[in-house]
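**Q** Can you read through this structure? Questions will come right after.
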Amino acid sequence: MEHLTNHNKHRCLSLLVMNNAGVLSRISGLFSRRGYNIDALTVGTTEDEQISRITITVSGDDKVIEQIIKQLYKLVDVIKIVELEKGQAIRRELVYIKVKADDTNRNKIVAICNLFRANVVDVAPESLILEIVGPASKIDAFFEMIKPFGIIEFVRSGATGLQRGKRSVHESK
Amino acid sequence: MLASKLILKCLEDENVEVIFGYPGGALLPLYEAMRESPIRHILVRNEQAAPHYASGYARVSGRTGVCLATSGPGATNLVTGIATAYLDSIPLVVLTGQVNRDLIGTDAFQEADITGATEPFTKHSYLVKDASQLPRIIKEAFYIASTGRPGPVLIDIPRDVQEENLRNIDRNPDMNIPGYKPNYKGHTGQIRRAIRKIKQSKRPVIYAGGGVKLSYAENELLAFAEANQIPVITTMMGIGCFPEDHPLYCGIVGSHGYDYSNAIMEEADLCICVAARMSDRGVAGTQKDIEKMELIHIDIDPAEIGKNIENTEIPIVGDARTVLLDLLKRDLNTDTSRWLTRISAIKDEIPLLFHQSLENGLANPKLFFEQLSTVASEDAILFADVGLNQIWAALYYHIYGKRRYFTSGGLGTMGYSIPASAGAAVALGNEAGNEAEDGNKRQIYCVCGDGSFQMSLAELAVISQLGLNINILLFTNTKLGMVRQLQHDTYGKDHYSGTDLNFEIDFMKLAQAYGIPSFRASTTEDAVTAAQKAAAIQGPTIVQIDVDKDFLRI
């Protein structure tokens, strides 16, 4: 199970895009045809209903990221791109993990959850579903602790985030 | 007003004079409205040709070309032509019919997702779901296609949208495209740095691309090169952006360029790249040299800077013409006399080798183009197809004055030259019935081989029907010469595979069937004479030139 995040290679871009039909396929198409890898992608509405916000986690060095940003800007539907850089932005991810659990170890798992401020959202005779929100490092650490109990399946939302401070993305350089 | 009429009115507002199209079920309302529109419709014979017509039209008129096809197969037939225009940055607005809105997504008859299919090679595209948006969409499409780095924009219009009836329509809505703000003016700081760099340089070259022609910066390029005595090398797309009879002209670079041009690139210490992509073919053989020298890259598309060559010292994002005008404002006091002396020596050391001896006496296409250059009119336009014919014409037909050379340089689409030259002829009014206007129409040559000719020969009907004044120069050897040469070079002698057409077509009879006067020549001398005879005829002509099947080297 490959759940570990390589923090050095992964970069996070936050895009404001016109909420037009096909915008997501234009963006994902651009990544595939130019050979860039998308590690995660989240989309949602914004305070302006005509505009959506997409957060993309990609891997690549500075040259690749620069070219990705330039190519994305060529799409008429893309309005603004900022990089959510560590320190200057908050980046969080939501993860659900279904783990094997019975009467013998359920309490141990719940104790770990408390340490990580994770929630138990489903309890069944032979399993639990755990919910955790946090930056990649915290999620990786949580996985390490839960793994020995036997992970049945998990889902990661992909990172999303905002730049710190008062300024909005519109005002960023 | 019916939306179908509104579409045509909006096109009129954009000064559209002609549409190259092919009808179909999903376009019935639009074609019905077209009966009363002043916009001219030219019925092509295969949708595949329609974008090339529009492209040829755009190239010589400086306007946005418009083509039209129905849903499904009509639309998918446009795909190659759209990609061709995208790679060469040609402004097109492509209109397609689509099935009714409630049928979209049901695999209905003649349904194809054309916005999806063309997404990788359109500058932008629209699927119209609400007829009231048509004025805004059409206005935006023309604006996006023709500004910044030009390119094709597609508008997909469902049949029932065309049938909507609208009241109180504002044909000139406000246009606000927050994600599209092309930058024309170069950054002053970067221009200052560029000036400093040019002053320090001892051996600068200008590497000029197709963008010089697209931004109509030929005069500014000439003025800048002359003022600072900097030699100019062009890419294939840049052919004709600098006069070939000028002492500062240094040929064509790249995989199919002149050896002497690549040799000059090797010795330069500064490359001033003006509106070129530095594509794989454009830098073939010199990429390592370019990576070693200093590079000033001027391009209106920021994504081109640093994409293919990473060592860009000074990026200048802006329109070639505007940036060159800014550079011209400064006196750079460059002294390149020693460099120019060295360049003359290189030119003497590496001459053009076209005098390939031919024992069988068949025509030598290189000599033919050399000689055609001396007899062609001083403003003749040449459209080359793709293959050996393209390279022969590029290297041996000389462009100066108002002459122009156009080809499918980026995508390399065979079958391009016949419809593209026809579109150009329409743009110039080079057709039957217009003879009286100025008697002597601008000469248009359409160059192709027997491979590329057969890909678009259906369009001869349009050319003949309209009496378009085009001289088709058809080189025949019953081979697909360029790929054959690649097979020879890559795998060795006689490793030919799938490149033998080996079927003699009576092109004279074919021309007769289409009502086009034709000539056949098998020696260089006869070919030049035939081309001159053809040029004297008003209307289309075909000159077939027999070339040795083993005349490989370009």
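Keeping their order, the protein sequence lines are chains A and C.
Numbering that gives the first Met the number 0 puts the first residue of the first sequence at 0, with every later residue one more than the last.
Numbering that gives the first Met the number 0 puts the first residue of the second sequence at 0, with every later residue one more than the last.
Virtual Cβ for every residue (Gly too), placed ideally from N, Cα, C.
All values reported here derive from a predicted model rather than from experimental measurement.
What ranges does the alpha helix (DSSP H) occupy inside the region 207-294 of chain C, keeping only unbroken runs of at least 4 residues that lie completely in it?
**A** Qualifying alpha helix (DSSP H) stretches, in chain order: 209-213, 217-227, 258-266, 286-291.
**Q** Of all the CB atoms in chain C, is at least one closer than 8 Å to the CB of Arg25 (chain A)?
**A** yes
**Q** Closer than 8 Å, CB to CB, is Val75 (chain A) near chain C or not?
**A** yes
**Q** Which residues in chain C sit within 9 Å of Glu65 (chain A), going by Cβ to Cβ distance?
**A** Gly305, listed in chain order.
**Q** Whose CA, out of C:Ser145, C:Ala424, C:Lys365, C:Ile205, lies closest to the CA of Leu269 (chain C)?
**A** For Leu269 (chain C), the closest of C:Ser145, C:Ala424, C:Lys365, C:Ile205 by C-alpha to C-alpha distance is C:Ile205.
**Q** By DSSP's criteria, Cys447 (chain C) is part of a beta bridge. Which residues make up the other side?
**A** C:Leu473
**Q** Closest by CA to Val282 (chain C), which one among C:Ile304, C:Gly253, C:Cys272?
**A** C:Gly253
**Q** With a Cβ-Cβ cutoff of 8 Å, do Thr75 (chain C) and Ile113 (chain C) count as a contact?
**A** yes
**Q** Am I right that Glu82 (chain A) and Leu15 (chain A) are in contact with their C-beta atoms under 8 Å? What's the rounded C-beta distance?
**A** That pair is no contact at about 13 Å.
**Q** Taking all protein chains shown into account, do 16 or more other C-beta atoms lie within 10 angstroms of the C-beta of Arg32 (chain A), making it buried, or fewer, making it exposed?
**A** exposed
**Q** Using the beta-carbon of each residue, which ones in chain A are nearer than 8 Å to His296 (chain C)?
**A** Within 8 Å Cβ-Cβ: nothing; His296 (chain C) doesn't reach chain A, min ~13 Å.
**Q** Starting from the C-beta of Ala144 (chain C), find all residues in its chain whose C-beta is less than 7 Å away, skip the five residues before and the five after it, and write them out in chain order.
**A** Thr63, Pro90, Leu91, Val92, Lys122, Gly150, Pro151, Val152
**Q** Relative to the C-alpha of Val546 (chain C), which residue among C:Gln537, C:Thr528, C:Ile536, C:Arg519 is closest?
**A** The shortest Cα separation from Val546 (chain C) among C:Gln537, C:Thr528, C:Ile536, C:Arg519 belongs to C:Arg519.
**Q** Can you tell me which of the three DSSP states Gln49 (chain A) falls into?
**A** coil
**Q** Going by beta carbon distance, what residues of the same chain come within less than 7 Å of Ile89 (chain A), once the five residues before and after it are set aside?
**A** Only Gly160, Leu161, Arg163 meet the Cβ criterion.
**Q** For a test of the three-state rule: what should DSSP assign to Glu152 (chain A), helix, strand or coil?
**A** strand
**Q** Name the DSSP bridge partner or partners of Val152 (chain C)?
**A** C:Val92, C:His123
**Q** Taking all protein chains shown into account, decide if Ser214 (chain C) is buried (16 or more other Cβ within 10 angstroms of its Cβ) or exposed.
**A** buried
**Q** Can you tell me whether Leu40 (chain A) is helix, strand or coil according to DSSP?
**A** strand
**Q** CB-CB under 7 Å to Glu152 (chain A), same chain, minus the five flanking residues each way: which ones, in chain order?
**A** These residues qualify, in order along the chain: Lys97.
**Q** Can you tell me whether His397 (chain C) is buried or exposed, with buried defined as 16 or more other CB within 10 angstroms of its CB?
**A** His397 (chain C) should be labelled buried.
**Q** Starting from the C-beta of Asn476 (chain C), find all residues in its chain whose C-beta is less than 6 Å away, skip the five residues before and the five after it, and write them out in chain order.
**A** Val546, Lys548
**Q** Report the neighbours of Tyr179 (chain C) on chain A: residues whose CB is nearer than 7 Å to its CB, in chain order.
**A** Val75, listed in chain order.
**Q** To the nearest angstrom, how far is it from the Cα of Thr117 (chain C) to the Cα of Arg105 (chain A)?
**A** 54 Å
**Q** Under 8 Å, Cβ to Cβ, is there at least one residue of chain C near Gly28 (chain A)?
**A** yes
**Q** Quick one: is Glu309 (chain C) near chain A, going by C-beta distance under 8 Å?
**A** Judged by the 8 Å Cβ criterion, Glu309 (chain C) is in contact with chain A.
**Q** Nearest CA to the CA of Lys306 (chain C): which residue from C:Ser278, C:Gly491, C:Arg337, C:Val17?
**A** C:Ser278
**Q** Quick one: what's Val122 (chain A) bridged to in DSSP?
**A** A:Leu127
**Q** Please confirm whether Glu118 (chain C) has its beta-carbon closer than 8 Å to some beta-carbon of chain A.
**A** yes
**Q** Quick one: does Ile128 (chain A) have its CB under 8 Å from some CB of chain C?
**A** Not an interface residue.
**Q** Give, in chain order, every unbroken run of the beta strand (DSSP E) that is at least 3 residues long and sits entirely within the region 128-182 of chain C.
**A** 151-157
**Q** So is Ala344 (chain C) buried or exposed if we call it buried at 16+ other beta carbons inside 10 Å?
**A** Classification of Ala344 (chain C): exposed, given that the 10 Å Cβ count is below 16.
**Q** Consult DSSP for Lys346 (chain C) and reduce its assignment to one of helix, strand or coil.
**A** In this structure, Lys346 (chain C) counts as helix in the three-state DSSP scheme.
**Q** Output the distance between the C-alpha atoms of Lys184 (chain C) and Ala535 (chain C), rounded to the nearest integer angstrom.
**A** 46 Å
**Q** Exposed or buried, Asn388 (chain C), counting other C-beta atoms within 10 Å across all chains shown (16 or more means buried)?
**A** buried
**Q** Indicate the three-state DSSP secondary structure (helix, strand or coil) for Val97 (chain A) in the structure shown.
**A** A quick correction: the sequence has Lys, not Val, at residue 97 (chain A). Lys97 (chain A): strand per DSSP, three-state reduction.
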